[in-house]
Ligand code: ATP
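Residue numbers (my numbering): 258 to 684.
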């Protein structure tokens with residue numbers, strides 16, 4: 258039986274992945290858990306997400322499904338942050354004999370939940386039509402993620418990575434985390450690039466330890482379950498309450514929709530789109546760097562490297578009109594929030610100089626408004642400025658924001674394998 262769970266946490270505490278880890282231990286009394294649980298990240302632009310728009314899924318082989326259902330619903334009702342207005346848990350169960358009838362439709366639902374916006378009514382009507390067992394709490398919004406989690410387990414084969422999530426002991430929740438930061442740098446140096454986003458080298462930060470009051474102590478992301486566990490074993494931290502390795506769509510770019518025209522871009526979706534830089538980059542108060550791109554459809558769009566993207570903004574500021582770029586990012590509040598950028602080609606950057614005197618080899622001076630240039634020494638005159646092509650100090654290739662600004666779903670460049678493009682990972 259598949260179990261999908263979503264929307265149990267609030268900004269003040271809890272985390273749906275924690276509930277997943279706990280259930281992984283408790284549900285063993287009813288049968289055997291098949292494979293790793295899934296941690297699926299959904300559309301990152303959804304405004305009512307608590308943090309990273311995650312849902313979780315567990316696959317259990319059981320002869321007593323009713324007991325499992327009762328246990329899961331009881332755990333969600335006692336552990337979810339139900340007092341929080343924004344918390345609307347949902348749980349969905351798909352039993353073995355229902356797999357075939359819902360496999361395809363739930364697979365599509367999962368894909369759409371990662372890329373589009375789905376209404377609560379659509380989720381409820383899907384459940385009504387299919388007769389799947391479920392429980393929605395309050396407005397039931399969590400049913401959307403719970404269905405998506407089941408859809409992901411019914412349709413394996415999507416690009417995936419792994420995360421080892423370490424959780425704090427209950428009594429420590431909400432207190433400062435006790436971790437030896439140096440041990441994270443040391444552990445990372447032994448397993449990068451098979452693990453990633455543990456630390457941010459350029460900004461000298463440990464990025465895998467959250468600062469919110471939730472139960473997570475840290476999360477190690479990587480290419481297989483063994484390497485994430487091995488990295489975790491090297492860390493010095495406060496004692497763990499529990500831990501769990503999840504199979505996840507994090508780091509896969511599953512949210513990005515390739516489009517061939519800027520005119521197809523809609524709010525609250527994420528894209529890969531090409532264009533020509535049509536407005537020079539500028540930085541606004543707050544440190545966000547903005548520029549525009551346009552394409553042959555005549556449409557143009559504003560692209561933004563926000564302040565949290567730190568050193569990535571200095572790359573963006575080097576773009577000039579005429580450069581051709583491919584942007585990877587989410588379109589929200591009328592701007593494309595850059596996660597990665599491929600510089601496809603660079604426009605020539607031309608600077609103008611006063612001409613040089615052919616006899617004295619000295620730079621001429623202006624002879625007055627509209628009167629050309631004159632050599633101060635010998636009086637030779639010229640009417641034309643000299644155009645010089647400047648060297649660009651960026652090169653074509655693909656660049657990414659640093660780990661401290663990485664979206665959960667964004668595929669880090671260490672996972673890119675395209676030999677036709679030069680790859681500039683953030684370290
Ligand atoms: P949690 O740890 O509780 O999962 P979170 O940051 O992952 O925290 P949620 O609290 O789950 O965010 O809130 C996100 C809500 O948005 C959930 O109710 C989920 O069902 C819903 N949701 C997710 N994806 C979509 C989507 N594509 N369209 C509409 N609603 C969505």
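For each residue, glycine too, the CB sits at the ideal point set by N, CA and C.
- Judged by their CB atoms, residue 472 and residue 424 are nearer to each other than the 9 Å cut-off.
- Note on residue 521: under 16 other CB atoms within 10 angstroms of its CB, so exposed under the neighbour-count rule.
- A direct Cα-Cα distance of roughly 13 Å separates residue 320 from residue 259.
- Taking every protein chain shown into account, the CB of residue 505 has 16 or more other CB atoms within 10 angstroms, so this residue is buried.
- The Cβ atoms of residue 383 and residue 334 lie no closer than 9 Å to each other.
- Listed in chain order, the non-local C-beta contacts of residue 565 below 6 Å within the same chain comprise 662, local neighbours out to five positions each way being set aside.
- With respect to the C-alpha of residue 405, the residue from 416, 372, 557 having the closest C-alpha is 372.
- Straight-line spacing of the CA atoms in residue 516 and residue 290 works out to 40 Å.
- Under the 8 Å Cβ criterion, the segment 552 to 564 counts as touching the segment 530 to 539, having at least three qualifying pairs.
- Within the model, the alpha-carbon separation for residue 668 versus residue 626 is close to 55 Å.
- Of all alpha-carbon atoms in 457, 313, 620, 326, the one lying nearest the alpha-carbon of residue 643 is that of 620.
- DSSP, reduced to helix, strand and coil, places residue 495 outside both helices and strands of the structure shown, so it counts as coil.
- Spatial neighbours of residue 499 in its own chain (CB-CB distance under 6 Å, excluding positions within 5 residues in sequence) are listed in chain order as 278, 424.
- Distance from the C-beta of residue 371 to the nearest heavy atom of ligand 1 is below 8 Å.
- Around the C-beta of residue 647, fewer than 16 other C-beta atoms lie within 10 Å, and the residue is accordingly described as exposed.
- Distance from residue 502 to residue 595 at the Cβ level is roughly 31 Å; contact not present, criterion being Cβ atoms closer than 8 Å.
- Within the same chain, 580, 649 come within 6 Å of residue 603 by CB-CB distance, once the 5 residues on both sides are set aside.
- Straight-line measurement puts the Cα of residue 439 at about 22 Å from the Cα of residue 429.
- DSSP places residue 410 in the uninterrupted alpha helix (DSSP H) bounded by 399 to 411.
- Closer than 8 Å to some heavy atom of ligand 1: that describes the Cβ of residue 309.
- Annotated three-state conformation of residue 325 is helix, per DSSP.
- Counting C-beta pairs with one atom in each stretch, the segment 406 to 415 and the segment 287 to 302 have three or more that are closer than 8 Å, which means they touch.
- Taken through DSSP and simplified to helix, strand or coil, residue 658 comes out as coil.
- By the criterion of a C-beta distance shorter than 8 Å, residue 437 is surrounded in its chain by 492, 493, 494, once the five residues flanking it on both sides are discounted.
- Straight-line measurement puts the Cα of residue 497 at about 6 Å from the Cα of residue 426.
- DSSP, reduced to helix, strand and coil, places residue 337 outside both helices and strands of the structure shown, so it counts as coil.
- Look at residue 398: its beta carbon is less than 8 Å from one of the heavy atoms in ligand 1.
- Within the chosen limit of 8 Å, ligand 1 does not reach the beta carbon of residue 550 with any heavy atom.
- Residue 590 counts as exposed, since fewer than 16 other beta carbons sit within 10 angstroms of its beta carbon.
- Here residue 634 is exposed. Its C-beta has fewer than 16 other C-beta atoms within 10 Å.
- When C-alpha distances from residue 338 are compared across 470, 261, 288, the shortest belongs to 470.
- Using a cutoff of 8 Å, the CB of residue 401 counts as near ligand 1, since one of the ligand's heavy atoms is closer than that.
- Taking the Cβ of residue 582 as the reference point, every heavy atom of ligand 1 lies at 8 Å or farther away.
- Judged by DSSP in its simplified three-state form, residue 304 adopts coil rather than helix or strand.
- Just measuring C-alpha positions, the residue of 316, 336, 391 sitting nearest residue 349 is 391.
- It is roughly 50 Å from the alpha-carbon of residue 599 to the alpha-carbon of residue 287.
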